[in-house]
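Trainee: Chains as they are written, first to last, in the numbering used here: chain A, 15 to 691; chain B, 5 to 265. Following this message is one structure expressed as structure tokens.
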Amino acid sequence: MTPIVVDATTEPAAVAAPRTEALDTFPKMLMAHARLRPDRPAMREKDYGIWQSWSWAQVASEVAALAGGLAALGFRRGDKLAIIGDNRPRLYWAIAATQALGGVPVPVYQDSIADEMAFVLDHAEMRFAIVEGQEQVDKLVLVKERCPLLEHVIFCDPRGLRHYKEAYLHPYDRVREEGQALLRERPDFVTREIARGEGADTAIILYTSGTTGRPKGVVLSFDNLIATARAAIAFEGLTDREEVLAYLPMAWIGEHIFSYVQAYCTGFCVSCPESGATAMADLRELGPSYLFAPPRIFETILTQVMIRMEDAAWWKRRIFDYFLGVARRAGPALLDGRAVSWRDRALYRLGNLLVYGPLKNTLGLSRVRVAYTAGEAIGPDLFLFYRALGINLKQLYGMTESSVFLCIQRDGAARPDTVGVPIPGVEIRIAEGGEVLFRSPGAFQSYYKNPEATAEMKGADDWVHTGDAGFFDADRQLTIVDRARDVGHLEGGALFAPKFIENKLKFFPYIKEAVAFGDGRDFVAAFINIDLEAVGNWAERRSLAYASYQELAANEGVYDLIEGCIASVNRDLAAEPHLAPSQIRRFLILHKELDADDGELTRTRKVRRRIIAERYRSLVEALYAGAETGHIESEVTFEDGRRGTMRAELRVREVATAPVPRPAPPPEPVRRTEAVA
Amino acid sequence: MPDRQIGEAILDAQSISLSFGGIQALSEVSLAIREHEIFAIIGPNGAGKTSLLNVINGFYHPQRGSLTWKGVTRRRMRPHEAAAQGIARTFQNVALFRGMTTLDNIMTGRLMRMRKNLFWQALHVGPAATEELEHRAAVERIIDFLEIEAIRKVPVGQLAYGLQKRVELARALAMEPELLLLDEPMAGMNVEEKEDMCRFILDVNDEFGTTIALIEHDMGVVMDISDRVAVLDYGRKLADGPPDDVRSDPAVIAAYLGVER
Numbered sequence: 015m016t017p018i019v020v021d022a023t024t025e026p027a028a029v030a031a032p033r034t035e036a037l038d039t040f041p042k043m044l045m046a047h048a049r050l051r052p053d054r055p056a057m058r059e060k061d062y063g064i065w066q067s068w069s070w071a072q073v074a075s076e077v078a079a080l081a082g083g084l085a086a087l088g089f090r091r092g093d094k095l096a097i098i099g100d101n102r103p104r105l106y107w108a109i110a111a112t113q114a115l116g117g118v119p120v121p122v123y124q125d126s127i128a129d130e131m132a133f134v135l136d137h138a139e140m141r142f143a144i145v146e147g148q149e150q151v152d153k154l155v156l157v158k159e160r161c162p163l164l165e166h167v168i169f170c171d172p173r174g175l176r177h178y179k180e181a182y183l184h185p186y187d188r189v190r191e192e193g194q195a196l197l198r199e200r201p202d203f204v205t206r207e208i209a210r211g212e213g214a215d216t217a218i219i220l221y222t223s224g225t226t227g228r229p230k231g232v233v234l235s236f237d238n239l240i241a242t243a244r245a246a247i248a249f250e251g252l253t254d255r256e257e258v259l260a261y262l263p264m265a266w267i268g269e270h271i272f273s274y275v276q277a278y279c280t281g282f283c284v285s286c287p288e289s290g291a292t293a294m295a296d297l298r299e300l301g302p303s304y305l306f307a308p309p310r311i312f313e314t315i316l317t318q319v320m321i322r323m324e325d326a327a328w329w330k331r332r333i334f335d336y337f338l339g340v341a342r343r344a345g346p347a348l349l350d351g352r353a354v355s356w357r358d359r360a361l362y363r364l365g366n367l368l369v370y371g372p373l374k375n376t377l378g379l380s381r382v383r384v385a386y387t388a389g390e391a392i393g394p395d396l397f398l399f400y401r402a403l404g405i406n407l408k409q410l411y412g413m414t415e416s417s418v419f420l421c422i423q424r425d426g427a428a429r430p431d432t433v434g435v436p437i438p439g440v441e442i443r444i445a446e447g448g449e450v451l452f453r454s455p456g457a458f459q460s461y462y463k464n465p466e467a468t469a470e471m472k473g474a475d476d477w478v479h480t481g482d483a484g485f486f487d488a489d490r491q492l493t494i495v496d497r498a499r500d501v502g503h504l505e506g507g508a509l510f511a512p513k514f515i516e517n518k519l520k521f522f523p524y525i526k527e528a529v530a531f532g533d534g535r536d537f538v539a540a541f542i543n544i545d546l547e548a549v550g551n552w553a554e555r556r557s558l559a560y561a562s563y564q565e566l567a568a569n570e571g572v573y574d575l576i577e578g579c580i581a582s583v584n585r586d587l588a589a590e591p592h593l594a595p596s597q598i599r600r601f602l603i604l605h606k607e608l609d610a611d612d613g614e615l616t617r618t619r620k621v622r623r624r625i626i627a628e629r630y631r632s633l634v635e636a637l638y639a640g641a642e643t644g645h646i647e648s649e650v651t652f653e654d655g656r657r658g659t660m661r662a663e664l665r666v667r668e669v670a671t672a673p674v675p676r677p678a679p680p681p682e683p684v685r686r687t688e689a690v691a
Numbered sequence: 005m006p007d008r009q010i011g012e013a014i015l016d017a018q019s020i021s022l023s024f025g026g027i028q029a030l031s032e033v034s035l036a037i038r039e040h041e042i043f044a045i046i047g048p049n050g051a052g053k054t055s056l057l058n059v060i061n062g063f064y065h066p067q068r069g070s071l072t073w074k075g076v077t078r079r080r081m082r083p084h085e086a087a088a089q090g091i092a093r094t095f096q097n098v099a100l101f102r103g104m105t106t107l108d109n110i111m112t113g114r115l116m117r118m119r120k121n122l123f124w125q126a127l128h129v130g131p132a133a134t135e136e137l138e139h140r141a142a143v144e145r146i147i148d149f150l151e152i153e154a155i156r157k158v159p160v161g162q163l164a165y166g167l168q169k170r171v172e173l174a175r176a177l178a179m180e181p182e183l184l185l186l187d188e189p190m191a192g193m194n195v196e197e198k199e200d201m202c203r204f205i206l207d208v209n210d211e212f213g214t215t216i217a218l219i220e221h222d223m224g225v226v227m228d229i230s231d232r233v234a235v236l237d238y239g240r241k242l243a244d245g246p247p248d249d250v251r252s253d254p255a256v257i258a259a260y261l262g263v264e265r
């Protein structure tokens with residue numbers, strides 16, 4: 015059938031068909047899609063090994079039935095509903111059903127432990143929750159006492175829940191049937207409820223993981239989300255033919271925008287993987303055209319490719335290495351439309367036939383038209399690797415508080431060190447002291463029940479403080495240096511940007527996480543987390559025996575390996591005069607992986623450096639006291655919520671620093687003041 | 005499936021004695037496994053636990069005693085007869101086809117239920133194709149149930165030990181057995197893998213109503229998930245009953261759990 019575009023911003027010619035101005039909430043958009051493209055797929059899920067799909071018409075009736083069922087349970091306008099689970103169609107429908115009834119959906123990170131969940135449930139005063147299955151039900155049963163407002167819990171998968179007698183638990187199918195019964199009696203019930211909603215209403219509350227303190231609930235309205243999503247759709251020229259894989263946590267704003275907001279704004283199909291572990295295989299089957307991933311996913315993919323190449327035959331490795339060299343030379347330039355010699359062009363074509371094409375196909379990236387990375391800085395080598403293969407990977411800048419999109423790199427102007435230009439409608443200003451401020455239609459309403467934090471973030475003049483330090487470069491692209499409060503100085507006064515150093519370290523496949531210390535100290539030292547897969551493989555090929563992560567991490571050979579990586583980073587740092595003083599002099603390999611369950615990383619895997627510095631204080635002291643070893647006792651939380659203690663004696667290793675060409679000049683000011691963009 | 009209710013004895017062993025030459029592996033062991041229950045067999049190494057499972061699924065033939073399976077008493081039963089009558093098992097040391105994928109391994113568990121002959125299966129047309137689709141669907145339900153989607157197409161030899169154990173359980177489940185014999189399903193696993201396995205065993209018992217007899221050394225696991233426990237020592241049964249009774253039985257404490265002095 016011919017596609018009819020609902021959204022006026024994507025294709026102005028189609029305005030005649032629907033009344034665009036009325037589509038100011040997602041349930042309204044859903045009903046419009048059900049009318050305009052009833053048979054086009056709206057959602058897919060791989061289940062029992064097969065992609066099952068639902069058309070827009072089916073999704074609309076599923077959402078209506080669920081909304082009816084919620085109403086039958088006593089859902090009122092303004093009620094909040096928690097959504098907890100992996101990416102499942104039913105949970106996406108729950109978002110639309112809640113919004114249809116004038117309620118507010120609140121997705122919660124599904125791997126939160128019970129205690130964190132209790133905080134969010136209680137803070138958002140949720141009366142309803144819809145969860146995936148037993149694992150989440152168990153957590154809610156555990157915290158039910160502490161959340162007196164929680165009245166009803168709906169579960170999608172009844173497996174293992176047969177003997178649960180709690181009266182507040184309802185199977186999804188029953189709620190749906192009751193909704194259908196209600197709709198038989200009052201067929202226009204849901205339609206009327208939908209009509210009562212408007213763009214200024216609260217669409218969703220998303221709790222930010224936050225690197226400090228308790229999570230904060232970011233309140234976003236339909237207008238916020240729709241205006242921002244449409245600006246980005248127009249910027250990239252997205253259509254209803256995009257293919258998207260929904261595999262990142264539903265509680266994360268990026269996932270919400272890509273797999274829900276933009277899908278509803280344009281009418282493209284969103285696919286859910288079979289399980290978290292199969293996401294990469296499902297990505298390959300689906301071949302998405304529009305992809306979003308935080309750097310760590312791109313890192314994981316690259317690590318796996320490199321490991322497999324190391325196990326390949328020598329002649330395959332030679333071909334791979336040669337053409338990767340060609341790609342690095344010519345690929346990014348070709349993608350940007352810059353001049354490339356005819357010889358490189360020809361070689362690149364050959365490489366595409368032999369290496370890049372098959373590789374992209376294996377990774378499921380053959381059809382990618384637009385790929386974004388955001389959330390963390392991406393290593394330049396990593397970024398250019400994908401662009402070299404001809405994948406249009408770009409950076410964007412945004413946050414929950416801005417409904418994601420603030421800046422996006424234009425096609426042909428993607429660079430590893432910047433985050434692009436402000437999209438239409440967004441104003442960016444660099445404050446005195448280097449902090450990035452913005453003003454945009456996507457700027458959040460408030461932090462839920464936290465006026466102090468709202469006031470701190472959002473000044474009286476409507477400029478929102480991002481907390482990031484950055485500047486505009488010569489191309490008028492925004493560059494983010496670090497979190498404003500993390501940028502520090504060594505004792506000698508030299509600049510110390512920890513994340514910059516950590517990112518350089520993390521580009522090595524053997525290093526999974528790194529934490530650099532140095533603010534107020536006389537040199538830089540680091541904690542290293544090895545990557546079990548990559549280092550394990552390395553050890554296997556050298557017949558190094560190990561029984562556990564801890565044993566591998568303490569291995570002398572592994573220390574040598576990491577020392578090599580750090581020495582190479584030091585050489586890089588030495589090349590840049592104002593960073594040369596932050597070469598790493600001492601390091602140790604941690605005995606355990608930094609873990610979000612222990613509060614050491616956020617749920618989006620950002621390092622919480624303050625907490626780590628506090629918890630591992632004895633190790634930090636050992637790094638700076640010149641000791642040979644450091645002793646640590648740390649508390650760990652197992653996946654089932656139990657706690658235990660780990661003790662370890664860790665060795666500290668010195669690294670040679672690279673010679674600095676000349677004495678370090680005074681630190682270059684990173685925080686520049688720039689005019690409004 | 006109605007709520008699981010422990011019913012009458014589904015398998016009744018009477019005075020089983022088994023010896024290999026001069027070694028008496030089992031002597032006069034009598035026990036009954038009831039429908040829908042989880043029945044654990046514990047005992048020190050060499051107590052005759054695995055021999056007992058081998059007797060139940062017909063791999064060993066006892067010199068004395070009788071087995072009654074679903075009301076039919078017999079002295080001898082061959083393993084394939086046991087399988088045809090709804091007894092499936094897993095092994096102490098994983099016994100999968102290492103070069104085959106997880107999916108194919110589980111498919112072999114369906115062989116007992118395939119009706120079309122080799123000729124039609126090889127041609128893969130008409131009714132044989134339909135039949136295979138049905139079996140494939142059943143296998144997919146088991147893959148979903150045991151959460152092994154990610155390793156569906158991976159050769160079993162490449163899998164970690166804990167996953168191989170899970171695949172073995174999947175293959176046994178593919179037979180849709182009435183009685184599932186698990187020989188040390190959690191041996192060599194870490195705490196998290198054990199927890200997963202416990203949950204799967206309980207879920208199998210709960211969702212499909214499968215009766216389960218298992219051998220396990222981890223006392224915590226045994227006491228947590230079993231409805232009844234039998235204790236063997238030197239081929240003799242010391243006690244059987246609910247976990248709490250067994251735990252406090254003086255003979256058991258002396259022989260197995262250790263005596264406090």
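Using N, Cα and C, we set each Cβ at its ideal position, and we do this for glycine too. Small disclaimer: the values here were computed from a predicted structure and weren't measured.
#1: For the candidate residues A/E628, A/K60, A/R555 and A/F510, whose alpha-carbon lies nearest to that of A/I321?
#2: Starting from the Cα of A/E607, find the closest Cα among A/G393, A/M660 and A/D500 and give me that residue.
#3: Please name the residues in the stretch 257-290 of chain A whose beta-carbon is closer than 7 Å to at least one beta-carbon of chain B, in chain order.
#4: Kindly indicate the opening and closing residues of the alpha helix (DSSP H) around A/G345.
#5: Can you tell me the Cα-Cα spacing of A/G658 and A/L305, whole angstroms?
#6: Any residues in the stretch 621-647 of chain A with a beta carbon nearer than 8 Å to a beta carbon of chain B? Which ones, in chain order?
#7: Nearest chain A C-beta to B/I147 closer than 9 Å, yes or no?
#8: Scan the stretch 151-182 of chain A for residues whose Cβ lies nearer than 9 Å to a Cβ of chain B and list them as they occur along the chain.
#9: For A/P43, does the three-state DSSP call read helix, strand or coil?
#10: Note down the Cα distance separating A/V435 from A/G484, rounded to an integer number of angstroms.
#11: Using CA atoms only, rank isn't needed, just tell me which of B/Q28, B/W73 and B/A164 is closest to B/R38.
#12: Do you know offhand how far B/R251's Cα is from B/V233's?
#13: Classify B/H65: buried if its beta carbon has 16 or more other beta carbons within 10 angstroms, exposed otherwise.
#14: Determine the extent of the alpha helix (DSSP H) in which A/V621 is found, giving its start and end residues.
#15: Flag A/T671 as yes if its beta-carbon sits less than 9 Å from any beta-carbon of chain B, otherwise no.
#16: With a threshold of 6 Å on Cβ separation, who are the neighbours of A/Q194 within its own chain once the five nearest residues in sequence on each side are excluded?
#17: Do the stretch 378-393 of chain A and the stretch 329-337 of chain A meet, that is, are 3 or more Cβ pairs less than 8 Å apart?
#18: Does B/E153 get closer than 9 Å to chain A when you measure Cβ to Cβ?
#19: What are the boundary residues of the beta strand (DSSP E) that includes A/N543?
#20: Within its chain, find whatever has a CB closer than 8 Å to the CB of A/V120; leave out the 5 residues flanking it on each side and keep chain order.
#21: Counting only beta-carbon atoms, is B/E144 nearer than 9 Å to chain A?
#22: Report the residues of the stretch 40-74 of chain A with a CB closer than 9 Å to any CB of chain B, ordered along the chain.
#23: What does the alpha-carbon distance come out to for the pair A/V690 and A/Q491?
#24: So, for A/L115: in the same chain, excluding its five sequence neighbours on each side, which residues have a beta-carbon less than 7 Å away from its beta-carbon?
#25: Please work out which residues of its chain come closer than 6 Å, Cβ to Cβ, to A/L423, disregarding the five sequence neighbours upstream and downstream, and give them in chain order.
#26: Beta-carbon within less than 7 Å of B/D248's beta-carbon, same chain only, minus the 5 sequence neighbours each way: which residues are those?
#27: Are the beta-carbon atoms of B/P159 and B/T214 separated by less than 9 Å?
#28: Of the residues that make up the stretch 188-218 of chain B, which ones have a beta carbon closer than 9 Å to any beta carbon in chain A?
#29: What does DSSP give as the partner residues of B/P131 in its beta bridges?
#30: Confirm, please, whether the CB-CB distance from B/S70 to B/I146 is below 9 Å.
#31: Between the C-alpha atoms of A/A22 and A/T414, what's the straight-line distance to the nearest angstrom?
#32: Answer yes if the stretch 278-296 of chain A comes into contact with the stretch 257-270 of chain A, meaning at least three C-beta pairs across the two stretches below 8 Å, and no otherwise.
#33: Report yes if the C-beta distance between A/V495 and A/G448 is below 9 Å; otherwise report no.
#34: Would you grab the beta carbon distance between A/E59 and A/C286 for me? Rounded to a whole angstrom, and I think it's under 8 Å.
Mentor: Taking the geometry as given:
#1: To locate residue 321 of chain A, count along the first sequence from 1; it is residue 307. If we check each option's Cα against that of A/I321, A/R555 comes out closest.
#2: Working through the first sequence from its first residue, we reach residue 607 of chain A at position 593. Nearest C-alpha to A/E607: A/M660.
#3: E288 and S289
#4: To locate residue 345 of chain A, count along the first sequence from 1; it is residue 331. It spans W328 to D350 - the alpha helix (DSSP H) in which A/G345 sits, taken as one unbroken run.
#5: Within the first sequence, residue 658 of chain A is the residue found at index 644, counting from 1. Within the first sequence, residue 305 of chain A is the residue found at index 291, counting from 1. In a straight line, the C-alpha of A/G658 is about 39 Å away from that of A/L305.
#6: none
#7: Within the second sequence, residue 147 of chain B is the residue found at index 143, counting from 1. Using a CB distance cut-off of 9 Å, B/I147 counts as an interface residue toward chain A.
#8: R173, G174, R176 and H177
#9: Sequence index remark: in the first sequence, residue 43 of chain A carries index 29 (1-based). Note on identity: in this sequence residue 43 of chain A is Met, with Pro being the wrong assignment. Assigned with DSSP and collapsed to three states, A/M43 falls in helix.
#10: Position 421 of the first sequence, counted from the first residue, corresponds to residue 435 of chain A. Position 470 of the first sequence, counted from the first residue, corresponds to residue 484 of chain A. Looking at the two C-alpha atoms, the distance is approximately 13 Å.
#11: Residue 38 of chain B sits at position 34 when you count from the first residue of the second sequence. It is B/W73 whose Cα lies nearest to the Cα of B/R38.
#12: Along the second sequence, one-based indexing puts residue 251 of chain B at 247. Along the second sequence, one-based indexing puts residue 233 of chain B at 229. If you take the alpha carbons of B/R251 and B/V233, they lie about 9 Å apart.
#13: Along the second sequence, one-based indexing puts residue 65 of chain B at 61. Exposed.
#14: Within the first sequence, residue 621 of chain A is the residue found at index 607, counting from 1. Per DSSP, A/V621 belongs to no alpha helix (DSSP H) and is neither H nor E.
#15: Taking the first residue of the first sequence as 1, we reach residue 671 of chain A at position 657. No, because no Cβ of chain B sits closer than 9 Å to the Cβ of A/T671.
#16: Along the first sequence, one-based indexing puts residue 194 of chain A at 180. These residues qualify, in order along the chain: A79.
#17: no
#18: Here residue 153 of chain B is taken as the residue at index 149 of the second sequence, counted from 1. Judged by the 9 Å Cβ criterion, B/E153 is in contact with chain A.
#19: In the first sequence, residue 543 of chain A corresponds to position 529, counting from 1. That run of the beta strand (DSSP E) goes V538 to I544.
#20: Position 106 of the first sequence, counted from the first residue, corresponds to residue 120 of chain A. Answer for A/V120: K94, L95, A96, I97, V134, A138, M140, I218, I219, L220, Y221 and G231, listed in chain order.
#21: In the second sequence, counting from the first residue as 1, residue 144 of chain B sits at position 140. Interface residue, yes.
#22: K60, D61, Y62, G63 and I64
#23: Start at 1 with the first residue of the first sequence, and residue 690 of chain A comes out as number 676. Start at 1 with the first residue of the first sequence, and residue 491 of chain A comes out as number 477. Low per-residue confidence applies at A/V690: pLDDT is 38, beneath 50, and the placement is therefore not dependable, though the value from the model is reported in the following sentence. Straight-line Cα distance between these residues: approximately 12 Å.
#24: Residue mapping note: residue 115 of chain A aligns to position 101 of the first sequence, counting from 1. Result list for A/L115: A81, L84, A85, F89, R91 and E207, in chain order.
#25: On the first sequence, position 409 is the one that residue 423 of chain A refers to. Strictly speaking, residue 423 of chain A in this sequence is Gln, with Leu absent from that position. These residues qualify, in order along the chain: K408, Q409 and G434.
#26: Start at 1 with the first residue of the second sequence, and residue 248 of chain B comes out as number 244. If we look at B/D248 and ignore the five residues flanking it on each side, it has no Cβ neighbours.
#27: Within the second sequence, the letter at position 155 stands for residue 159 of chain B. Within the second sequence, the letter at position 210 stands for residue 214 of chain B. It is not a contact, given that the beta carbons lie outside the stated cut-off.
#28: V195, E196, E199, R203, L206, D207, D210 and E211
#29: Taking the first residue of the second sequence as position 1, residue 131 of chain B is located at position 127. According to DSSP, B/P131 bridges with nothing at all.
#30: In the second sequence, residue 146 of chain B corresponds to position 142, counting from 1. In the second sequence, residue 70 of chain B corresponds to position 66, counting from 1. Contact annotation: B/I146 and B/S70 have beta-carbon atoms that are not nearer than 9 Å.
#31: Taking the first sequence and counting its residues from 1, one reaches residue 22 of chain A at position 8. Taking the first sequence and counting its residues from 1, one reaches residue 414 of chain A at position 400. With a pLDDT of only 39 at A/A22, under 50, the local geometry of the prediction cannot be trusted, and the value read off the model is given with reservation. One Cα belongs to A/A22, the other to A/T414, and the distance between them is close to 25 Å.
#32: yes
#33: The residue given as residue 495 of chain A occupies position 481 in the first sequence. The residue given as residue 448 of chain A occupies position 434 in the first sequence. Between A/V495 and A/G448, the CB-CB gap stays under 9 Å.
#34: Here residue 59 of chain A corresponds to residue number 45 of the first sequence, with the count starting at 1. Here residue 286 of chain A corresponds to residue number 272 of the first sequence, with the count starting at 1. With 8 Å as the limit, A/E59 and A/C286 qualify as a contact, their Cβ atoms being about 4 Å apart.
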